[in-house]
Amino acid sequence: GAVVSQHPSRVICKSGTSVKIECRSLDFQATTMFWYRQFPKQSLMLMATSNEGSKATYEQGVEKDKFLINHASLTLSTLTVTSAHPEDSSFYICSAPRTGPTDTQYFGPGTRLTVL
Amino acid sequence: AQSVTQLGSHVSVSEGALVLLRCNYSSSVPPYLFWYVQYPNQGLQLLLKYTSAATLVKGINGFEAEFKKSETSFHLTKPSAHMSDAAEYFCAVSPRGATGANNLFFGTGTRLTVIP
């Protein structure tokens, strides 16, 4: 089946630094990928839609300058948390839709970011 | 606007007992509905999805859900709980109702505990 990977799985950084998270579709191409954020014991909240070859679309309330998204190729999207602060600590999950007879979104395993 | 509501943030069942996780949706057009499972520190795995075909949908791990338009519900059930079913379960709706490839809006999740 389709697989989406994320790297790193866990990252701990100091306040003020930037962190890049990669999302890859391993056996299919994805012109669109989605980035979600999940706070402890809460649901997933859509942050932005990553579009290959064009700018990302951000959900209301998400700072685009804070969360930089680059969809570099049909299999890779990156989320960079710039000047990270402790309140940015969260579980970040990406997903990629695979279109076809059984349109389905495939989710990455998530990246746990801890900002000290 | 489309949304889903999951009734009960925590559900506990005995091993071998019926599992029932509730989800109600709100949609102005026929929606596509999904159930996902999340194990600790992992991404989401699709259990099943409703895409306007059969109203009773069978998924993986013995789970099934029934779409009831009159009740605007899509409850998840499993006849006999296993210890391995302990996880967080999310109901989700696709806002455009076209495919599962569009961004999803999630309920707040239900944590299932299975008691030996």
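Just so you know, the sequences run in chain order A and B. Sequential numbering from 619 applies to the first sequence in our numbering. Sequential numbering from 726 applies to the second sequence in our numbering. The beta carbon of each residue, even a glycine, is placed where N, CA and C say it ideally should be.
- Any Cβ of chain A closer than 9 Å to the Cβ of Lys-774(B) would place that residue at the interface, and such an atom is present.
- The residue from Ile-785(B), Ser-751(B), Val-738(B) with its alpha-carbon nearest to that of Ala-817(B) is Ser-751(B).
- Of the candidates Cys-641(A), Ser-672(A), His-625(A), Lys-632(A), the residue whose Cα lies closest to the Cα of Pro-715(A) is Cys-641(A).
- Under the DSSP definition of a beta bridge, Val-738(B) partners with Val-839(B).
- The residue among Lys-793(B), Gly-768(B), Pro-755(B) with its C-alpha nearest the C-alpha of Tyr-654(A) is Gly-768(B).
- When Pro-804(B), Phe-759(B), Lys-794(B) are compared, the shortest CA-CA separation from Val-738(B) is found for Pro-804(B).
- Gly-834(B) belongs to the set of residues whose beta carbon lies under 9 Å from a beta carbon in chain A.
- Sorting Leu-829(B), Thr-780(B), Gly-787(B) by C-alpha distance to the C-alpha of Ser-795(B) places Thr-780(B) at the top.
- Residue contact with chain B for Gly-679(A): absent (no Cβ-Cβ distance below 9 Å to any residue of chain B).
- For the options Asp-810(B), Tyr-761(B), Gln-727(B), Lys-783(B), the alpha carbon positioned closest to that of Val-744(B) is the one of Asp-810(B).
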